[in-house]
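Structure record follows, encoded as structure tokens.
2 protein chains.
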Amino acid sequence: MSSAKPKVVIIGAGFGGLEAAKALKRAAADVIVIDRHNHHCFQPLLYQVATAALSPADIAWPIRHILRPQRNATVLMEEVQGIDPEKKVLHTQYGEITYDYLVIATGATHSYFGHDEWSKFAPGLKRIEDATRIRRSILIAFERAELTQDQEQQRRLLTFVIVGGGATGVEMAGAIADVAGQTLAADFRRIDPRSARIVLVEAGPRLLPTFPPSLSDYARRTLTRSGVEVRTDTLVTNCDANGVDLKNGRIDAGTVIWAAGIAPSPAVRWLNAEADRAGRVKVGPDLSVPGRPEIFVIGDTAAVVDSKGQPVPGIAPAAKQMGKYVGKLISARIAGRERQKPFRYMHLGELATIGRRAAVVKFGALELKGFLGWLFWSLAHIYFLIGLRNRFVVAFNWFWDYITFQRGARLITDVPDGK
Amino acid sequence: MSSAKPKVVIIGAGFGGLEAAKALKRAAADVIVIDRHNHHCFQPLLYQVATAALSPADIAWPIRHILRPQRNATVLMEEVQGIDPEKKVLHTQYGEITYDYLVIATGATHSYFGHDEWSKFAPGLKRIEDATRIRRSILIAFERAELTQDQEQQRRLLTFVIVGGGATGVEMAGAIADVAGQTLAADFRRIDPRSARIVLVEAGPRLLPTFPPSLSDYARRTLTRSGVEVRTDTLVTNCDANGVDLKNGRIDAGTVIWAAGIAPSPAVRWLNAEADRAGRVKVGPDLSVPGRPEIFVIGDTAAVVDSKGQPVPGIAPAAKQMGKYVGKLISARIAGRERQKPFRYMHLGELATIGRRAAVVKFGALELKGFLGWLFWSLAHIYFLIGLRNRFVVAFNWFWDYITFQRGARLITDVPDGK
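Going down the list, the protein sequences come from chains B and L.
So for the first sequence, my numbering puts the first residue at 1; every next one is plus one.
So for the second sequence, my numbering puts the first residue at 420; every next one is plus one.
Printed below as a string of structure tokens:
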């Protein structure tokens, strides 16, 4: 390795980190991409892995394969354990890595609002492992219900609570309703999967709070029609092994899924930089950390406001825009050109599915719902998937599910002993 | 549940168990199929999951979905913990299950020839979990080698030993050679995956001992050409965390895969029946346990000889034939007809792939090798997969791998902490 070239280290190969690396393609730099996983995960479709429609490999792709053609990029699978900004050094389990420029794109985890002990009972959905864990939990609930003679336990097992009425919560609730009402309907002998109770709990007054109210209403109506119990203005006060306590009651449930708060990954704490209430690092107009012009924070770990003073949402397009901006900025600086234009977020829109054949789309002035929204949603997601193969396989799986009402990935794997 | 009908309990939903259940389709019986897993696994393609070519869901299908149209069949996902043949009762973690007829089709695990402690270092390939574990281990070896600067450790990490030169061992060795030599070749910066050392160790004098010698020779030549070191007449005397000891030397290796001995599942021990040296239950001509005409043992758990006095091999077609025979026999008995014809095994043939574009096939008088053998092998396996969807997806994946040299399921998941 020639070490005359400046070294750009990117932590995290999510949407932001990958875009940053790609934008450095022509830079005379050594680009090092570090991630704990060997794969980039297409998070917007994780809920489909969690509900047995897709396989993990359909929405994940090896990072080093994505960056294979980029000769100045090296991918390392390891975990960063600390940052020393004074010495410009990262500590990992395999030693130290120096940097000239550092991009932190470590993403977010779930926030349990100070109750981290709930995570045991109410897993969130951020990584492939979370999705297979939730899939296992949903499918095992039906298997156990078929085994037990105890009606009360059966009812508990067949109750699914989803906490959080944003896009992920709505998509999970709709998909579980499809699993219970269609996929599994004829597969059991002692229970009727259609009797499953699916409750979507939201603390605020409406579902999909970032969408226009008309689309929120549509989502609520559609979910209700497919059997989901929607409870807005409802705060969860406790989670335990047997269900959740609400401000106004209790629901015994076999499966609780957390789709509520977002907390930035702990990586940013190592910087000791100023953070907002959610813990996201306050960055300058060029996304660098104040006082550290060589360190950038992007994606869900950064607190950024758009031109109207609104916080930039934690969605994939925002992370990608930040990654691209920072990659270009570093490229320019390495080439001796100083780029002064501050980062500007361009909001393209938002979309969310509500089970089979329904989705809501808000794209600029365009508002779609129902089947048309679902078609738009499907095409957009297939388009943004990485790799032609994954596009084919996902498209085929959706087509197949659509005509057969089946789901191809109903696997219970890695069941811990005694469960 | 009407309980006037006789109750047929089948333990295990592999090839044998499923065929038995299906053959009872028209019987006036309650058929209960019990399995620890929720899915039937197509074991002949497990090695492709282990080498990242296919996803687990491509070769597995929910048991209850397969038996969904069969109204007299109930599927229970639970583990049998004991059998009381006197009382005709099974003990499971969820209670007791009585039976009138019992079919034991619990399959086989690996035999480490009295050294069960080796299983920790040299996993075998029997279940979906084994395959994802081996996949993880192979892919992590390359990732670690890229991280370390220590050349000796690099060499160890990039050494793969496969113990056992039967079909599974040959297929694994060929596939790992493809992974190292083609799939990963351009993805790393600090190591050259093509320098990986792949050693196939066989205790006997030749590979694929059940095939004609000419095909064994062909397999050896083909593997050698793709870089695999084939060592016949070589006994493994010890396995540890860093490699294997051979009778004539030592190989330091990061990954050791066990594809040697077969041991029947412990289920048969509960019967206290007479067993052969390998531990398989000696059954009568109708596959029932001597003295227990209502208990049948089929597949890898039974010691059966064919009309020439040769032991019936532990392959899928044999298990299926036994399952079908027993299912029909029980059906006839329930209908009041006694079926006296003993079980007769019909040997159709055997096949094994040797990496990309090569396979050996022995089907009656037909012997194929090379590309033609590979085509035959591919078509046969797609034909026998369960479910149209899986056939499509597997065929598509093979086609894609074939033209791109890629593998679509290069995921490292569920990595234990600190590894």
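Virtual Cβ for every residue (Gly too), placed ideally from N, Cα, C.
Since we're looking at a predicted model, the values are computed, not measured.
Where residue i falls, given that 16 or more other Cβ within 10 Å makes a residue buried
i: B:V305; result: exposed
i: B:P193; result: buried
i: B:F160; result: buried
i: B:P320; result: Before going further, note that residue 320 of chain B is Lys rather than Pro in the sequence given. When all chains shown are included, B:K320 counts as buried.
i: L:S645; result: buried
i: L:A440; result: buried
i: L:L807; result: exposed
i: L:N809; result: buried
i: B:F376; result: buried
i: B:P416; result: Caution applies to B:P416, whose pLDDT of 45 falls short of 50 and renders its modelled position unreliable; the value that the coordinates give is listed next. Exposed, by the Cβ-count rule.
i: B:Q151; result: exposed
i: L:R575; result: buried
i: L:S614; result: exposed
i: B:K87; result: exposed
i: L:G514; result: exposed
i: B:R280; result: buried
i: L:N667; result: exposed
i: B:H65; result: buried
i: B:G418; result: Reliability of the predicted coordinates at B:G418 is poor, the pLDDT of 33 falling under 50, and the value obtained from them is presented with this limitation in mind. Per the 10 Å Cβ criterion, exposed.
i: B:E19; result: buried
According to DSSP, residues forming a beta bridge with residue i
i: L:F579; result: L:I617 and L:T674
i: B:V31; result: B:V8 and B:A73
i: B:T92; result: B:V80 and B:G95
i: L:Y520; result: L:V427
i: L:R546; result: Answer is none; L:R546 lacks a bridge partner.
i: L:G680; result: L:S530
Pairwise C-alpha distance: residue j and residue i
i: L:E693; j: L:L706; result: 13 Å
i: B:I403; j: B:A185; result: 16 Å
i: L:I502; j: L:T525; result: 13 Å
i: B:L366; j: L:D454; result: 51 Å
i: L:G827; j: B:T413; result: 19 Å
i: B:N238; j: L:A446; result: 51 Å
i: L:D652; j: L:T587; result: 18 Å
i: B:D58; j: L:I670; result: 37 Å
i: L:G623; j: B:S119; result: 53 Å
i: L:L464; j: L:R829; result: 16 Å
i: B:I334; j: B:F399; result: 47 Å
i: L:I805; j: L:K747; result: 21 Å
i: L:E536; j: L:A679; result: 15 Å
i: B:I354; j: B:K369; result: 10 Å
i: L:F607; j: B:H37; result: 15 Å
i: L:A432; j: L:T641; result: 36 Å
i: B:K25; j: B:A73; result: 8 Å
i: L:G436; j: L:E757; result: 22 Å
Assigned secondary structure, residue i (DSSP; H/G/I helix, E/B strand, else coil)
i: L:T656; result: strand
i: B:T353; result: strand
i: B:L184; result: coil
i: B:S216; result: helix
i: B:G243; result: strand
i: B:P44; result: helix
i: L:P685; result: helix
i: B:V297; result: strand
i: B:E86; result: coil
i: B:V415; result: The pLDDT assigned to B:V415 is 49, lower than 50, so where the model puts this residue is not dependable; a value taken from the coordinates is nonetheless given after this. Residue state, collapsed to three classes: coil.
i: L:H529; result: strand
i: L:H766; result: coil
i: L:A697; result: coil
i: B:W392; result: It is Phe, not Trp, that sits at residue 392 of chain B in the sequence shown. It is helical.
Amino acids of chain L, ordered along the chain, whose beta-carbon sits closer than 8 Å to that of residue i
i: B:Y94; result: L566 and T567
Residue i: contacting residues in chain L (beta-carbon distance under 7 Å)
i: B:W400; result: R808
Per-residue contacts from residue i into chain L (C-beta, under 9 Å)
i: B:D187; result: P481, R483, H484, L486, R487 and V494
Partners in chain B for residue i, counting only beta-carbon separations shorter than 7 Å
i: L:R574; result: Simply none; closest approach about 17 Å.
i: L:G827; result: A57 and R389
i: L:E562; result: N38 and M77
i: L:L558; result: N38
8 Å Cβ cut-off: residues of chain B touching residue i
i: L:I831; result: H37, N38, H39 and M77
i: L:I547; result: L411 and T413
i: L:V812; result: V393, F396, N397 and G408
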